[in-house]
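Protein chains: 2
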Amino acid sequence: MTPAPGRRRLPLAERREEILQAATELIAASGFKGVTLEAFAAACGMTKAGLLHHFHSREELLIAVLERRDTLDLTSVVGTLEPAPDAATARAVMSGFVRRNLAQRSLVQLYTVLSAEALDPAHPAHAYFRTRLREGRAMLERYLLAWHPHPGAAAVDLLAFLDGLQLNWLRDDGIDFLAQWEAFADRFFAA
Amino acid sequence: MTPAPGRRRLPLAERREEILQAATELIAASGFKGVTLEAFAAACGMTKAGLLHHFHSREELLIAVLERRDTLDLTSVVGTLEPAPDAATARAVMSGFVRRNLAQRSLVQLYTVLSAEALDPAHPAHAYFRTRLREGRAMLERYLLAWHPHPGAAAVDLLAFLDGLQLNWLRDDGIDFLAQWEAFADRFFAA
DNA sequence: TAGGTTATCTACCGTTTGGTAGATAGCGCT
DNA sequence: AGCGCTATCTACCAAACGGTAGATAACCTA
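Note that the protein sequences, when read in sequence, are chains A and B.
Sequence positions in the first sequence follow full-length UniProt numbering and run 1 to 191.
Sequence positions in the second sequence follow full-length UniProt numbering and run 1 to 191.
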């Protein structure tokens with residue numbers, strides 16, 4: 001049997017992954033501000049100090065969570081598609097994101113709250129979100145380039161609408177996220 | 001002369017207004033989380049305890065600031081217009097908000113950050129923002145009712161786009177808020 | 001099985017912060 | 001002038017929280 005694990009020792013990589021996974025769930029449920037170092041640790045059955053051995057500060061943990069989630073998301077949605085720069089592909093990719101987000105509301109809320117907090121240039125995740133926005137827009141623009149008359153402005157439009165729709169959906173779950181998106185997309189991709 | 005005011009005593013209403021004004025500026029500059037009770041008080045030349053005599057908690061102060069700002073904004077933008085329920089009026093009102101927001105970026109950021117924080121149902125301003133969204137949408141819908149084929153969905157669209165555009169503008173001031181809005185409005189109000 | 005590496009723990013610290021209790025003093029009224 | 005109301009202050013508290021230091025024990029290798 002496991003010899004009365006008053007202490008459970010794991011190899012580095014494994015423990016890190018366990019922590020990140022637990023932290024993601026916790027943050028998604030209660031926001032980042034709402035979760036204390038001790039709570040993160042307790043979720044893995046360890047203590048603050050134990051956790052800090054792996055992530056040297058609370059902020060470092062946050063960044064790690066974000067980056068991990070980002071990688072997972074990106075590969076899962078875009079990964080399998082050919083990067084064909086046409087309207088149909090662009091719409092497919094965006095619809096993929098919409099559907100994925102629809103299914104993980106609390107995680108979307110996490111991103112929303114964090115990205116707002118991070119408007120403050122002093123916030124630990126400020127640079128992260130700034131970069132993320134720029135890259136996302138550049139990527140989208142590449143998809144629009146070949147067929148849209150104003151790819152730059154259109155990319156801004158599309159991302160703004162999606163961000164805003166998400167925000168309103170979080171505030172009021174009476175909103176039909178998917179329907180509103182599809183209607184908007186019909187118009188947008190008709191041009 | 002004023003007799004060496006180690007203590008400055010003001011009538012209730014006057015002091016309240018002074019506090020709200022100072023608090024608004026402070027929050028707009030550094031966010032709500034970034035300002036401590038003591039800082040709010042110091043800005044009016046008083047102490048925490050003195051301030052708490054007027055607002056019984058930090059949260060109460062926050063709500064008061066929001067409500068005051070809301071009232072001021074609403075009267076300043078909508079106040080002078082006839083509530084004619086046609087497209088032109090709707091567009092004029094919305095454009096009024098856009099221009100006003102454009103001119104007070106830090107205040108917009110305040111609202112953005114707060115409304116994101118307030119997604120948490122336990123947040124002191126949760127109800128405030130929920131109500132505000134609903135009322136805003138209802139008001140907008142009334143303007144669209146007479147001429148738009150789908151007033152409900154359109155209201156959601158418009159507010160989502162504006163929220164999102166604002167958010168992206170806050171994240172990246174390279175975005176031309178006004179131009180993007182006008183272009184969108186051209187399409188939206190053409191229908 | 002001995003020994004070293006290191007993952008984990010116990011105990012503690014210092015600061016920040018929201019809030020309270022009771023004293024004090026400025027203003028209006030008679 | 002005196003008195004009461006209350007706006008304001010001084011002093012204090014308690015708890016939360018992020019982080020550190022040094023002890024301890026689990027696993028790997030020889």
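Glycine included, every Cβ here is placed at the ideal spot set by N, Cα and C.
Note that this is a predicted model, so its numbers are computed, not measured.
At a Cβ-Cβ threshold of 8 Å, A/P121 and A/I63 do not count as neighbours. With respect to the 8 Å criterion, B/G45 and B/R68 are not classified as neighbours on the basis of their beta carbons.
When 9 Å is used as the limit between beta carbons, A/E117 is near these residues of chain B: G31, K33, V113, A116, E117, in chain order.
A straight-line Cα-Cα distance of about 25 Å links B/Q180 and A/L114. The beta carbon of A/N168 falls within 8 Å of a beta carbon belonging to chain B, placing the residue at that interface. For the pair of segments examined, the segment 88–96 of chain B was found not to touch the segment 84–99 of chain A: the number of CB pairs separated by less than 8 Å stays below three. Counting along the chain, the unbroken alpha helix (DSSP H) around B/F97 starts and ends at 87–103. Ranked by Cα distance from A/N101, the options A/V77, A/T89, A/E117 are led by A/V77.
With distances taken between CA atoms, A/L66 lies nearest to A/Y128 out of A/Y128, A/Q166, A/I175, A/H150. In this model, B/I19 and B/A146 are separated by some 43 Å (Cα to Cα).
Taken through DSSP and simplified to helix, strand or coil, B/I175 comes out as coil.
Among the residues of the segment 89–115 of chain A, those with a Cβ less than 9 Å away from any Cβ of chain B are Q109, T112, V113, L114, S115, in the order of the chain. Listed along the chain, the chain B residues whose CB falls inside 9 Å of the CB of A/Q180 are A153, V156, D157, A160. Neighbourhood of A/G136 in chain B, by CB distance below 9 Å: empty, with the nearest CB roughly 10 Å away. With respect to A/A87, A/L61 sits apart: the two C-beta atoms are not nearer than 8 Å. Here B/L159 really is in contact with B/L140; their C-beta atoms are around 7 Å apart, less than 8 Å. With respect to chain B, the C-beta atom of A/L52 has no partner C-beta closer than 8 Å.
A/G31 is not a Cβ neighbour of B/D163, given a cutoff of 8 Å. In the displayed model, A/R134 falls within a helix according to three-state DSSP. Around the CB of B/A190, fewer than 16 other CB atoms lie within 10 Å, so the residue is classed as exposed.
Against B/A183, the close residues of chain A are A153, in the order they occur along the chain (beta-carbon pairs closer than 7 Å). When secondary structure is reduced to three states using DSSP, B/L119 falls in the coil class, being assigned neither helix nor strand. Looking only at B/A29, B/R15, B/R16, B/R58, the smallest Cα-Cα distance to B/T36 is reached by B/R58. The three-state secondary structure of A/K48, taken from DSSP, is helix. Neighbours of B/D120 in chain A, taken as residues at a C-beta separation under 9 Å, are given in chain order as S30, G31, K33, G34, Q109, V113. If you draw a 10 Å sphere on the C-beta of A/L72, you find fewer than 16 other C-beta atoms in it, and that means exposed. Taking C-alpha positions only, B/A154 is separated from B/I27 by approximately 33 Å. For A/I175, the neighbours in chain B by C-beta distance under 9 Å run, in chain order, V156, A160. By the neighbour-count criterion, in which 16 or more other beta carbons inside 10 Å mark a residue as buried, B/L12 falls on the exposed side. Judged by beta-carbon spacing, A/T75 lies beyond the 8 Å limit of A/Y143, meaning their Cβ atoms are not closer than that value. Chain A has no Cβ within less than 8 Å of the Cβ of B/F189. Considering only A/P151, A/K48, A/A43, the residue with the shortest C-alpha distance to A/P85 is A/P151. Separation of A/A39 and B/A43 (C-alpha to C-alpha, rounded to the nearest whole angstrom) is 36 Å. Nearest in C-alpha terms to A/S106, of all of A/R171, A/H53, A/E135, A/T131, is A/R171.
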